[in-house]
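Visitor:
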Amino acid sequence: MVAHLGPLAELKPRRVGGAPQLPALMPRRRASSGRRPALLWREREPSATIYYRLDENSLWRRMTVSRTYLVLSALSLACYWSFFALTPFPVDLFSEVDGRTLESSFFLALVLSLCFCSAATGIAGNRGGRLSASRGALVGTFSLFLATVIVSAALKALGVVAPIPWVLAYAVLFGLYGFVLSVWICALLAVFDNGRAALLLAFSLLLSTVIGGVVGLLDEFGVDSTTSYVMMLAAGPLCLAAGAKAPAAVRSVPDGAIDPNAPLSAGGAHGFAPSPLLLSAICVFYLIGSAAFMNISTGSQGTGWFANGWTHYGISLVLYGALILSVAWNAKRERTAIPWFAFFLLCVACLYVVALFYPQAAAFCQVIILPSRPMAFVLLWAAVTYWQRDRSWGFWTCACVVPATVLGIDLLTQLGEPLAASPEQYPTLVSAVTLVTAFAMTAGLVLMTVQLIGSLSSCASVAETPADVSRPLGTDSHGDERSVFDEIASSHGLSKREREVMELLVQGNTQKRIAQEMVVSINSVQTYAKGLYRKLGIHSRQELIDLVQTAQRQMEAGA
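Residue numbers (full-length UniProt numbering): 1 to 559.
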């Protein structure tokens, strides 16, 4: 066979990311039958390229993620959101149990989840070796929780009151299964960079609504908790299937090794990204206020977002579809703050509407608040994900922070229910809760705006100094052509290309514009930027701007 290849027989496989690959000129054999060859199918299947490295001193490598992994991850996330659709201890299973007992078991599940997470943090190793994300933990907790749900439903059907120890056992298993599943969800998302992770989160929310609506239509009595059970139990097997399709390289990559594309996705005039801590705080404020409103107005946290009337369902589909389009459109242009601003403004407007029109239009107020709560869950998860990656924490951090926050909010609103002594006080209490939440979110929006203005002014001050507009960018006030960029490049050992990327980044250029200026590919620009950030010890464009400003002031002071 080699003899028939002629000159092509001298070609050798090239190495890309440490793995040998055949050259593109190698001819492909056509299948003798109508069946597609397995090799060609594998070449077409990968749909995303992820960059990672084994340690800070190693080179960046790349791996491909298949479409099957993407689909299974989206389905796992879609079913996972059902955990937050209802309170985790439904009345339909334990209708005869005192409400205080359910609240006690609620608190017990929260404490056990936190203890389990603390124990998991002490286990060394990578994603594949962590106990909390192991297959055995997920299979075991799923099996026990499934058995508990079946037995509880059977006791309810037979008219037998569930004993208190059984209720506590349900709480424990729910907490453990939910936490292990949360760790698996975090492990699935850890493969993707920030842009793909945010898009996958937004798409999974819309998919969850569609699946929940279809399952709800199949329910003869329209009980929403049945929909939640079906999706909760389906999440475990889907996570196991997605884990089986994960790239082999992921199992040996340590925490924090996946590149979140931080160099070209945060800071600067074209890519301002708000503080993850501020985003998380605003989302938590909204979740507290909206949960309190739903608890007061309906007597529970809500009836879920799957099937609460066609008006609510239609609003949900439109809202979540707009979120997907906004995330996708803004991610390409590196304007990561726009979806956050839009969502927070929408929430503030809804809160003011509730404060004005409740209780005259109580049903309308519920319809506009309930669809926004799942979006707040998703955005809180995205904000904590950005925060975790910015601090280089383990991917399991989100599995502790987000579910514990949501459970804590639910517990807080349930324990605060006796504050209203009579139904006559409900309108006053609703107005107070919604107005306080709206004011807190407005203050957060003001802080985000101040951060944006500061980012824009920093870019402008570096790009053009008012004292001497005519002098080149980065040169000192005496006209010395050796700029601050040259000083930084020589002191930190930057290459010529990395020095060029540094100057173009400070000027506020996007990665596409930098690629055009340097006549290279976008992937090459990303590689230069990653090396630049690593050598300078920074993580965002804003930190780069601050570093250049400080260095330029030192040059002018010493001149």
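For each residue, glycine too, the CB sits at the ideal point set by N, CA and C.
Looking at C-alpha atoms only, which residue of Ser521, Val318, Tyr286, Val210 is the closest neighbour of Tyr352?
Guide: Ranking the options by Cα distance to Tyr352, first place goes to Tyr286.
Visitor: Alpha carbon to alpha carbon, how far is Glu500 from Lys512? Give it in angstroms, no decimals.
Guide: So the two alpha carbons sit approximately 14 Å from each other.
Visitor: At what residues does the alpha helix (DSSP H) containing Leu370 begin and finish?
Guide: Segment: none, Leu370 is in no alpha helix (DSSP H) and carries neither H nor E.
Visitor: Distance, Cα to Cα, Ala235 vs Tyr229?
Guide: Distance between the alpha carbons of Ala235 and Tyr229 is about 10 Å.
Visitor: Residue ranges of each alpha helix (DSSP H) run of no fewer than 4 residues wholly in the region 160-203, ordered along the chain?
Guide: Here the runs fully enclosed are 164-189.
Visitor: Count the other C-beta atoms from every protein chain shown that fall within 10 angstroms of the C-beta of Ser182, then say buried if there are 16 or more, exposed otherwise.
Guide: Buried, by the Cβ-count rule.
Visitor: Rounded to whole angstroms, what's the CA-CA distance from Gln554 to Ile514? Just pull it up for me.
Guide: Roughly 28 Å between the two C-alpha positions.
Visitor: Does DSSP classify Thr303 as helix, strand or coil?
Guide: In this prediction, Thr303 scores a pLDDT of 48, lower than 50, which makes its location untrustworthy; no coordinate-derived value is stated.
Visitor: Let's see if you can read the secondary structure: which residues bound the alpha helix (DSSP H) around Lys512?
Guide: Unbroken alpha helix (DSSP H) run through Lys512: 511-518.
Visitor: Express the C-alpha separation of Gly493 and Lys535 in angstroms, rounding to a whole number.
Guide: Near 8 Å, if we compare the C-alpha coordinates of Gly493 and Lys535.
Visitor: With the cut-off set at 8 Å, would you say Cys365 and Val354 are in Cβ contact?
Guide: In this structure, Val354 lies closer than 8 Å to Cys365 by Cβ.
Visitor: By Cβ distance, which residues of its chain are closer than 6 Å to Val214, with the 5 residues on each side in sequence left out?
Guide: Counting only Cβ-Cβ distances below 6 Å, and skipping sequence neighbours, we find nothing.
Visitor: Just the C-alpha distance for Leu382 and Pro276, rounded to the nearest angstrom, thanks.
Guide: Reading the sequence as shown, one finds Ala at residue 382 and not Leu. Looking at the two C-alpha atoms, the distance is approximately 9 Å.
Visitor: What residue does the alpha helix (DSSP H) around Leu536 start on, and which one ends it?
Guide: Element bounds for Leu536: 522-536.
Visitor: Quick check on DSSP: helix, strand or coil for Ser431?
Guide: Note: Ser431 maps to helix in three-state DSSP.
Visitor: May I ask you to report which of helix, strand or coil DSSP gives Ser66?
Guide: Note: Ser66 maps to strand in three-state DSSP.
Visitor: How about Leu452 and Leu505: are their beta carbons less than 8 Å apart?
Guide: No; because the gap between Cβ atoms is not below 8 Å, this pair is not in contact.
Visitor: Rounded to whole angstroms, what is the Cα-Cα separation between Ala74 and Phe142?
Guide: Distance between the alpha carbons of Ala74 and Phe142 is about 19 Å.
Visitor: In whole angstroms, what is the alpha-carbon distance linking Cys400 and Thr209?
Guide: Whole-angstrom Cα-Cα distance: 24 Å.
Visitor: Is it the case that the region 161-179 contacts the region 194-208, given that we only count it when at least three CB pairs across the two stretches are under 8 Å?
Guide: With the cut-off at 8 Å, the region 194-208 and the region 161-179 do not touch.
Visitor: How many angstroms separate the CA atom of Asp546 from the CA atom of Gln507?
Guide: Distance between the alpha carbons of Asp546 and Gln507: 13 Å.
Visitor: Between the alpha carbons of Tyr533 and Ser524, how many angstroms are there, rounded?
Guide: If you take the alpha carbons of Tyr533 and Ser524, they lie about 14 Å apart.
Visitor: What separation, rounded to the nearest whole angstrom, lies between the Cα atoms of Gln516 and Asn509?
Guide: Cα to Cα, the separation comes out at about 10 Å.
Visitor: Let me know the secondary structure DSSP gives Tyr358 once reduced to three states.
Guide: DSSP places Tyr358 in coil when its eight states are reduced to three.
Visitor: Apply the 10 Å Cβ neighbour rule to Arg541 and answer buried if 16 or more other Cβ atoms are within range, or exposed otherwise.
Guide: Looking at its Cβ environment, which holds 16 or more other Cβ atoms inside 10 Å, Arg541 is buried.
Visitor: Classify Glu543 as helix, strand or coil using the three-state DSSP reduction.
Guide: Note: Glu543 maps to helix in three-state DSSP.
Visitor: Under the three-state reduction of DSSP, which class applies to Gly508: helix, strand or coil?
Guide: Coil at Gly508, not helix or strand.
Visitor: Can you tell me whether Leu380 is helix, strand or coil according to DSSP?
Guide: Helix at Leu380.
Visitor: Do the CB positions of Tyr80 and Ala246 come within less than 8 Å of each other?
Guide: No. Outside cutoff.
Visitor: Cα-Cα, which of Asp193, Asn295, Ala202, Ala241 is closest to Tyr426?
Guide: When only C-alpha atoms are compared, the closest one is Asn295.
Visitor: For the candidate residues Ser495, Phe293, Val378, whose alpha-carbon lies nearest to that of Leu319?
Guide: Among Ser495, Phe293, Val378, the Cα nearest to that of Leu319 is on Val378.
Visitor: Count the other CB atoms, across all protein chains shown, that sit within 10 Å of the CB of Leu72; report buried if there are 16 or more and exposed otherwise.
Guide: Leu72 is buried by the Cβ-count criterion.
Visitor: If contacts are defined as beta-carbon pairs under 8 Å, then Thr434 and Phe293 qualify, I think. What distance do you get, rounded to the angstrom?
Guide: About 6 Å separates the two Cβ atoms, so the contact holds.
Visitor: How far does the alpha helix (DSSP H) with Phe84 in it extend, from its first residue to its last?
Guide: Note, Phe84: premise wrong, no alpha helix (DSSP H); not H, not E.
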